[in-house]
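Chains as they are written, first to last, in the working numbering: chain A, 480 to 635; chain B, 480 to 635.
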């Protein structure tokens, strides 16, 4: 991993304060947005998706992921990464992962994949009270600031 | 909208080649990633979500959206925008939208909202054949290039 040049603060350790959320991450970091349409039911899918998730979580620079799929088979998985180098390393890992071809050969009819740089992030929780999710960065509330990343409560 | 300074090519007209996908968009553009946990069943949710979607679609610079929610109530909606100005205008619109407070008061227990700049985008379809979704931009395949945006087929 000599090519990796971490730039995010050390507080960027994934702290899953809430199940299903990759919260408490301080921008900037990268998001890999994977939107996919499943072809239909395939009993191998769940195990394969779990294997992919485990593989991603072991990668350097992995910060977390969020995933949802509706009854119509359309799903969105967003994985979060520390920097370009960690995304590039994940790409290389995928090239050697058999699970990747399974996605094309068996699971998906179509997918779109986007690599995006997260510039601002905001969170809101019913226990935290109101915050402006679209307010300017640094305006307070629960906008994510550098050095954030400490889970102040909630389930793990 | 005097503040708007469109930078994306005119080909950035939403062309929904496939239901549920905001595909055929050429980077750079912005992605607003909204991950939310619903509190429970609320018969007002569907109508409100539809109203929000219609409101977004009427905004200048709106390019499309993708959304999925699982049976556990965790959902991800990614809306795509032409530039920072169009995201800022959407924020202003939300400040006057009653549907926004409904989300906090009735529908969600927690949400995370991220504004990210899409730098690379790739698509794969079972009819198009294999493409490297994580390949370098401009490497061919079905990576999105400036001037893309023309739907070459598929349902609308």
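Built from N, CA and C at the ideal position, the CB exists for glycine as well.
If you're wondering where the values come from, they're calculated on a predicted model, not measured in any experiment.
Should residue 578 of chain B be listed as close to the ligand NAD, given that the test is whether its C-beta is under 7 angstroms from any heavy atom?
Looking for the ligand NAD in the displayed structure turns up nothing, as the structure carries no ligands at all.
With a cut-off of 8 angstroms, does the C-beta of residue 578 of chain B fall near any C-beta of chain A?
Contact with chain A is absent for residue 578 of chain B, since none of that chain's Cβ atoms lies less than 8 angstroms from the residue's Cβ.
8 angstroms Cβ cut-off: residues of chain B touching residue 575 of chain A:
Result: empty, since nearest Cβ-Cβ is about 12 angstroms, beyond 8 angstroms.
Cβ of residue 627 of chain B less than 8 angstroms from any chain A Cβ?
For residue 627 of chain B, the pLDDT reaches just 45, beneath the cut-off of 50, and the residue's location in the model is therefore unreliable, leaving the point undetermined.
Tell me the residue span of the alpha helix (DSSP H) that contains residue 520 of chain B.
Bounds of any alpha helix (DSSP H) do not take in residue 520 of chain B, whose DSSP letter is neither H nor E.
Would a check of beta-carbon distances place residue 534 of chain A closer than 8 angstroms to chain B?
With respect to chain B, the C-beta atom of residue 534 of chain A has no partner C-beta closer than 8 angstroms.
Assign residue 506 of chain B to one of three DSSP states: helix, strand, or coil.
The answer is coil: DSSP assigns residue 506 of chain B none of H, G, I, E or B.
To the nearest angstrom, report how far apart residue 506 of chain A and residue 498 of chain A are at their CA atoms.
One Cα belongs to residue 506 of chain A, the other to residue 498 of chain A, and the distance between them is close to 21 angstroms.
If you measure between the beta carbons of residue 543 of chain A and residue 559 of chain A, is that distance less than 8 angstroms?
Against a cut-off of 8 angstroms, the Cβ pair of residue 559 of chain A and residue 543 of chain A comes out as a contact.
Closest Cα partner of residue 541 of chain B within the set B/514, B/549, B/529 and B/504:
Closest by alpha carbon: B/504.
Cβ-Cβ distance between residue 514 of chain B and residue 591 of chain B below 8 angstroms
Yes, Cβ-Cβ distance for residue 514 of chain B and residue 591 of chain B is below 8 angstroms.
Which same chain residues, not among the five before or five after residue 510 of chain A, have their C-beta less than 7 angstroms away from its C-beta?
Once the five neighbours on either side are set aside, the close Cβ partners of residue 510 of chain A are 557, 559, 595 and 597.
Bridge partners for residue 511 of chain B per DSSP, in chain order?
B/558 and B/594.
Quick one: measure Cβ to Cβ for residue 573 of chain B and residue 516 of chain B, integer angstroms, because I've assumed they're closer than 8 angstroms.
Going by Cβ atoms, the distance from residue 573 of chain B to residue 516 of chain B rounds to 19 angstroms, so no, they are not a contact pair.
Euclidean distance between Cα positions of residue 550 of chain B and residue 579 of chain B:
Rounded to whole angstroms, the separation of the alpha carbons of residue 579 of chain B and residue 550 of chain B is 23 angstroms.
From residue 519 of chain B to residue 570 of chain B, what does the alpha carbon distance come to, in whole angstroms?
Using only the alpha carbons, I get a separation of about 26 angstroms.
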